[in-house]
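K.L.:
For the sequence shown, this note's numbering assigns the number 171 to the last residue and increments by one with no breaks. The beta carbon of each residue, even a glycine, is placed where N, CA and C say it ideally should be.
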Amino acid sequence: MARMIFLHGLESGPRGTKARWLAEHYGATTPKLDTSSVKAALAVARRAVAEVPPDVVVASSFGGAVAVALLAEGVWTGPTVLIAPATRRLGRDDRLPANARVVVLHGSADEVIPLNDSRFLVEGSRADLRIVAGGNHRLNIILKDGTLAGVLSALGVVATRP
């Protein structure tokens with residue numbers, strides 16, 4: 010079984026919809042991020058990655074910005090799924106490392122993070138930006154329609170419970 014860490018969004022946490030779904034289907038662990046700042050959340054995420062090195066990181070919105078910072082610092086270099094990452098909204102202009110194994114999922118109807126922010130993020134990298142037609146910022150549809158499961162499967166991550 011692959012070890013997975015989920016980095017939650019600003020208004021979410023370890024009991025949020027995505028965190029619970031990933032725990033149920035993939036055995037994911039979700040550290041409680043300190044959302045007072047990206048710097049504070051980064052400290053929690055660095056510890057989580059160091060304590061039990063994951064095989065894959067999945068991150069949403071605020072957590073996506075944290076995951077991008079981990080990738081930019083080289084703290085994490087493995088496969089990553091970013092869901093509507095809030096990198097630029099949080100004042101960071103990080104770009105993904107050129108060879109990062111990253112899939113970015115972003116809704117075409119995201120009312121919080123502009124789609125162009127994800128386009129900027131992946132520019133110059135081999136990351137795969139997938140636009141979810143009609144998807145809003147929460148993107149919970151990707152749990153129901155098989156999009157997230159398909160992306161994880163393509164990264165070699167097998168569900169513990171389909």
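May I ask you to list the residues that DSSP assigns as paired with M13?
P.N.:
Partner(s): V65.
K.L.:
Would you mind stating whether I150 and L114 have Cβ atoms separated by less than 7 Å?
P.N.:
no
K.L.:
So, with DSSP's three-state summary, where would you put I150?
P.N.:
In the three-state DSSP reduction, I150 falls in the helix class (H, G or I).
K.L.:
Based on the DSSP secondary-structure assignment, which residues constitute the bridge partners of T89?
P.N.:
Bridge partners of T89: V66, V111.
K.L.:
List the endpoints of the continuous beta strand (DSSP E) containing L80.
P.N.:
Premise fails: L80 lies in the alpha helix (DSSP H), 71-82, not in any beta strand (DSSP E).
K.L.:
Going by DSSP, what residues sit across from L138 in a beta bridge?
P.N.:
V113
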